[in-house]
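Residue numbers (the working numbering): -13 to 252.
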């Protein structure tokens, strides 16, 4: 199953989710991407998707009704009944790029969402593939810039929030602010440069279903500068949120992903 790749349109994915036993999730998918549809238009779109799935060999009509092809049905069931999801995102709003890995029992399904229109599903082999695909998604290099290797600091989360506001002023002021907040000057200079001129801001979140609600209490922020990346895992210290400042390399990325994967659903 590991080499199977399914490329679906939005309506095909919604139809598959509905046939797998989650019609409300399917409808929510359509509404989120297309807005409210009248009954006739929704029916027409789903019937066209139904025929398209049959043409791809992913749906067959049997005596007891429509049935998804077994491997494809497994992928869809992981997508709708997951234990947890690792959600990678870059940007926000309409321009947000998303890559997600859904985990259920011993199966992991990779979901590439391209502008909400094209959805690519495949089975992932495990953490090594997640790290490789995630590092490619975030453009993470093998090594950090000299002077940043092995970096791991901790500051109050409020420092990061205020730093984003100070970033609108001058590099020197932001560097001084970070240094006063406990960041060594050499690191503060590099971090200030990337906060002021980021390639992108992103996040990695572990999402769980709790009483039919999506809950994301664990994860880390990602900042990509022109030459380097940074991770900011959020931790609690005496009921106050702190952020670790971690040099963004493939090695540290794997470590942070492993922490998220090893959390136990409560």
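Just so it is clear, CB atoms sit at the ideal spot from N, CA and C, and this is done for glycine as well.
Model, not experiment: these values are computed from the prediction.
Cβ neighbours of residue i in the same chain (closer than 7 Å, five flanking residues each side left out)
{"i": "residue 143", "result": "220, 227, 228, 229"}
{"i": "residue 164", "result": "149, 174, 177, 178"}
{"i": "residue 200", "result": "193"}
{"i": "residue -7", "result": "104, 106"}
{"i": "residue 4", "result": "12"}
Whole-angstrom distance between residue j and residue i, CA atom to CA atom
{"i": "residue 204", "j": "residue 232", "result": "16 Å"}
{"i": "residue 268", "j": "residue 211", "result": "The chain is shown only over -13 to 252; residue 268 falls outside these bounds and no answer can be derived."}
{"i": "residue 250", "j": "residue 29", "result": "40 Å"}
{"i": "residue 96", "j": "residue 107", "result": "6 Å"}
{"i": "residue 15", "j": "residue 23", "result": "12 Å"}
{"i": "residue 17", "j": "residue 26", "result": "14 Å"}
{"i": "residue 70", "j": "residue 202", "result": "10 Å"}
{"i": "residue 214", "j": "residue 101", "result": "26 Å"}
{"i": "residue 88", "j": "residue 158", "result": "43 Å"}
{"i": "residue 1", "j": "residue 139", "result": "47 Å"}
{"i": "residue -10", "j": "residue 147", "result": "42 Å"}
{"i": "residue 85", "j": "residue 33", "result": "28 Å"}
{"i": "residue 189", "j": "residue 49", "result": "46 Å"}
{"i": "residue 9", "j": "residue 110", "result": "26 Å"}
Neighbourhood of residue i by C-beta, 8 Å cutoff - its chain only, sequence neighbours within 5 removed
{"i": "residue 82", "result": "75, 76"}
Residue i Cβ short of 6 Å to the ligand ADP heavy atom set
{"i": "residue 123", "result": "As far as ligands go, the structure on display features none, and thus does not contain the ligand ADP."}
Test item: CB-CB of residue i and residue j under 7 Å
{"i": "residue 196", "j": "residue 167", "result": "no"}
{"i": "residue 39", "j": "residue -3", "result": "no"}
{"i": "residue 246", "j": "residue 192", "result": "yes"}
{"i": "residue 64", "j": "residue 90", "result": "yes"}
{"i": "residue 207", "j": "residue 184", "result": "no"}
{"i": "residue 181", "j": "residue 153", "result": "yes"}
{"i": "residue 126", "j": "residue 234", "result": "yes"}
Environment of residue i [buried if 16+ CB atoms lie within 10 Å]
{"i": "residue 155", "result": "exposed"}
{"i": "residue 242", "result": "buried"}
{"i": "residue 198", "result": "exposed"}
{"i": "residue 51", "result": "exposed"}
{"i": "residue 224", "result": "exposed"}
Cutoff 7 Å: residue i Cβ touching any chain D Cβ
{"i": "residue 237", "result": "Within the model displayed, chain D is absent; a lone protein chain is all it includes."}
Sequence-distant residues of the same chain with beta carbon closer than 6 Å to residue i, five excluded per side
{"i": "residue 161", "result": "174, 175, 178"}
Which runs of the beta strand (DSSP E), 3 residues or longer, sit entirely within the stretch 12 to 74? 45 to 48, 51 to 54
Of all the alpha helix (DSSP H) runs that stay within the bounds of the stretch 130 to 215, which reach a length of 4 or more residues? 143 to 152, 157 to 166, 171 to 182
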